[in-house]
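Student: Can you read through this structure? Questions will come right after.
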Amino acid sequence: MSGHSKWSNTKHRKAIQDAKREKLFNKLIRELIIAVKIGGSSDPDNNPRLRTAINKALLNNMEKNRIKRAIDRGLNVKI
C-alpha cells in the first residue's frame, strides 16, 4: 500500500512516468546518433534522416540541448 501521503502517491506515479520518458528519450538519442553517422552530416537540411529524427524528438518534448549533445556524440565531438 502506498500510504495516505499525497507526496508518497505522487512520487510513485512520477517515478513510473519518468522511467517511460527516459526509455523513449534513450531511443530517440540512439536514432539521432545513427542518423548523423549514416548521413555523414549534422546539418538537417542535407541529412533527411536527421531532420526526421530531430522532428520526432521535438514532438516528444525533448530539450534542444539534449538533441544537440546527441548530434555531437554522433560526430564524436568531445563535450
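Per the UniProt record's numbering, the sequence shown starts with residue 1, numbered consecutively.
We put the beta carbon where it would ideally sit given N, CA and C, even for glycine.
(1) Can the beta-carbon of Glu22 be found closer than 7 Å to that of Ala53?
(2) Figure out for me which residue from Leu24, Leu75, Ala35 has the closest Cα to the Cα of Pro48.
(3) Can you check whether the CB of Ile38 is closer than 7 Å to the CB of Ala70?
(4) With a threshold of 7 Å between beta carbons, is Asn55 in contact with chain B?
(5) For Gly39, name the three-state secondary structure that DSSP assigns.
(6) What is the DSSP secondary structure of Glu18, reduced to helix, strand or coil?
Tutor: In short, the structure shows the following:
(1) Ala53 sits away from Glu22, with the two beta carbons spaced by 7 Å or more.
(2) That would be Ala35, whose Cα lies nearest to the Cα of Pro48.
(3) Pairing Ala70 with Ile38 gives a Cβ-Cβ distance that is not under 7 Å.
(4) Looking at the structure shown, chain B is missing, and only one protein chain is on hand.
(5) Helix.
(6) Residue identity check: residue 18 is Asp in the sequence provided, not Glu. In this structure, Asp18 counts as helix in the three-state DSSP scheme.
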